[in-house]
């Protein structure tokens, strides 16, 4: 059951993050009309929203089974209702699923081209991920600050991953001013990276009582190390592309591969986070 929960968490997190980030970066990277790109993004968005809803329901059922200690409980309406109505996770998750359903419905209506509405719903969907998992460990003001920190962290991660997805799609389009687009992305990326690193360190400090948990090669600390290495790889690729921005048109194939690899490393980092969410933090003695 734990493996299924990790897979479900990963799938849900990645699609919600990319939905938010892609819609956020679309007007920031491309100022004008791009009908072909927008059609592809709209089609992809419907699939991502549908996968998010399906994986969100699956996550709720798996949590129900885990809390009840029985796989059969996931298919017992009374038990599911009890979890959704009388646990902190369930109360957050009811709103999360409702927002997800509204977003999916929106994408099949004439209002789907309304960017503020799409981005607003995707931001609410992202916000309701923050209290889930380790973000709900603490009570009172400390717990609220931890959830706020997690929200900022998720926003930075979603913007970076979704922005990379948008960049991958743009690089497949002909006749785009790639140099200017990369400059816009890099300029915004500095703030995202800073926010991601600061909030990530705060999360580690609060959850473990240390700036880095030990022993280094076991349990929570090992998965955290893998995540840090993947993020470091993303940063190295981003720096490489930033330093070579002036000759980007002459190395388009290398640029496409490096951006794709950076995006895949980001997906790997989210997978590591999905595993972390099922492990108890290593609190310092």
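Residue numbers (the numbering used here): 1440 to 1724.
Backbone N, C-alpha and C fix where the C-beta goes; we use that ideal spot for every residue, glycine too.
### Task
Count the other C-beta atoms from every protein chain shown that fall within 10 angstroms of the C-beta of residue 1605, then say buried if there are 16 or more, exposed otherwise.
Stepping through the chain shown from its first residue, residue 1605 is reached at position 166. Its Cβ being crowded by 16 or more others within 10 Å, residue 1605 is buried.
### Task
Measure the Cβ-Cβ separation of residue 1454 and residue 1490 and say whether it is below 8 angstroms.
Counting from one through the chain shown, the residue named residue 1454 turns up at place 15. Counting from one through the chain shown, the residue named residue 1490 turns up at place 51. In this structure, residue 1490 lies closer than 8 angstroms to residue 1454 by Cβ.
### Query
Between residue 1463 and residue 1598, is the Cβ-Cβ spacing less than 8 angstroms?
Taking the first residue of the chain shown as position 1, residue 1463 is located at position 24. Taking the first residue of the chain shown as position 1, residue 1598 is located at position 159. Contact: yes.
### Message
Can you list, in chain order, the residues of its chain with a C-beta nearer than 6 angstroms to that of residue 1638? Leave out the 5 residues immediately preceding and following it.
### Response
Position 199 of the chain shown, counted from the start, is the residue given in the question as residue 1638. Once the five neighbours on either side are set aside, the close Cβ partners of residue 1638 are 1588, 1591 and 1592.
### Message
Considering Cα atoms alone, identify which of 1563, 1544 and 1644 is closest to residue 1488.
### Response
Your numbering for residue 1488 matches position 49 in the chain shown. Answer by Cα proximity: 1544.
### Closest residue to residue 1444 among 1698, 1513, 1479 and 1562 (Cα-Cα distance)
The count along the chain shown starts at 1 and reaches residue 1444 at position 5. Comparing Cα positions, the closest option is 1513.
### Message
Contact defined as beta carbons within less than 8 angstroms: I believe residue 1709 pairs with residue 1452. What is the distance between those atoms, to the nearest angstrom?
### Response
Locating residue 1709 in the chain shown gives position 270, where the first residue counts as 1. Locating residue 1452 in the chain shown gives position 13, where the first residue counts as 1. The Cβ separation is near 5 angstroms, so the contact holds.
### Query
In chain order, which continuous runs of the alpha helix (DSSP H) of length 4 or greater are located wholly inside the stretch 1485-1565?
1516-1525 and 1527-1545
### Task
Under 6 angstroms Cβ to Cβ from residue 1533, same chain only, skipping five residues before and after it: list those, please.
Reading the chain shown from its first residue, position 94 is the one you call residue 1533. Taken in chain order, the residues that qualify are 1523.
### Message
For residue 1647, report the span of its alpha helix (DSSP H) as first-last.
### Response
Here residue 1647 refers to the residue found at position 208 of the chain shown. It spans 1617-1647 - the alpha helix (DSSP H) in which residue 1647 sits, taken as one unbroken run.
### Query
Just the Cα atoms here: how many angstroms apart are residue 1478 and residue 1471?
Looking up residue 1478 in the chain shown gives position 39. Looking up residue 1471 in the chain shown gives position 32. Between residue 1478 and residue 1471, the C-alpha separation is close to 14 angstroms.
### Query
Buried or exposed: where does residue 1450 fall if 16 or more other Cβ atoms within 10 Å of its Cβ makes it buried?
By one-based count along the chain shown, residue 1450 stands at place 11. It counts as buried.
### Task
Tell me whether residue 1567 is buried or exposed, calling it buried when 16 or more other Cβ atoms sit within 10 Å of its Cβ.
The residue labelled residue 1567 in the question sits at position 128 within the chain shown. Buried, since its Cβ has 16 or more Cβ neighbours within 10 Å.
### Cβ distance (whole Å) where residue 1621 is taken to contact residue 1684 below 8 angstroms
Residue mapping note: residue 1621 aligns to position 182 of the chain shown, counting from 1. Residue mapping note: residue 1684 aligns to position 245 of the chain shown, counting from 1. Between residue 1684 and residue 1621 the Cβ distance is about 5 angstroms, and since that is below 8 angstroms, they are a contact.
#### Entry: Same chain only: Cβ atoms within 7 angstroms of residue 1645, ignoring 5 sequence neighbours per side
As a working mapping, residue 1645 is identified with position 206 in the chain shown. Contacts found: 1585.
### Query
Alpha carbon to alpha carbon, how far is residue 1549 from residue 1601?
Here residue 1549 refers to the residue found at position 110 when the chain shown is read from its first residue. Here residue 1601 refers to the residue found at position 162 when the chain shown is read from its first residue. Going from the Cα of residue 1549 to the Cα of residue 1601 covers about 24 angstroms.
#### Entry: Local conformation of residue 1470 per DSSP, three classes
In the chain shown, counting from the first residue as 1, residue 1470 sits at position 31. Coil, per DSSP.
### Task
Go through its chain and collect everything with a Cβ distance to residue 1495's Cβ below 8 angstroms, but skip five positions before and after it.
For the purposes of this step, residue 1495 is taken as residue 56 along the chain shown, with counting starting at 1. Closer than 8 angstroms at Cβ, skipping near neighbours: 1451, 1532, 1535, 1536 and 1539.
### Query
Does the separation of the CB atoms of residue 1447 and residue 1486 fall below 8 angstroms?
Your numbering for residue 1447 matches position 8 in the chain shown. Your numbering for residue 1486 matches position 47 in the chain shown. No, the pair does not count as a contact, with Cβ atoms beyond the cut-off.
#### Entry: Own chain, CB closer than 7 angstroms to residue 1426, minus 5 neighbours either side, in chain order
No information on residue 1426 is available, as it lies outside the stretch 1440 to 1724 that the chain covers here.
### Task
Determine the closest residue to residue 1517 out of 1503, 1582, 1527 and 1703, with distance taken between C-alpha atoms.
Within the chain shown, residue 1517 is the residue found at index 78, counting from 1. It is 1503 whose Cα lies nearest to the Cα of residue 1517.
### Query
Should residue 1555 be labelled buried (16 or more other beta-carbon atoms within 10 Å of its own) or exposed?
Residue mapping note: residue 1555 aligns to position 116 of the chain shown, counting from 1. Residue 1555 is exposed by the Cβ-count criterion.
### Task
Note down, in chain order, each residue of its chain lying with its Cβ closer than 6 angstroms to the Cβ of residue 1542, except the 5 sequence neighbours on either side.
In the chain shown, counting from the first residue as 1, residue 1542 sits at position 103. Only 1488 and 1560 meet the Cβ criterion.
### Task
Would you give the residue range spanned by the alpha helix (DSSP H) that residue 1711 belongs to?
Counted from its first residue, the chain shown places residue 1711 at position 272. Taken as a continuous stretch (DSSP letters only), the alpha helix (DSSP H) holding residue 1711 covers 1691-1715.
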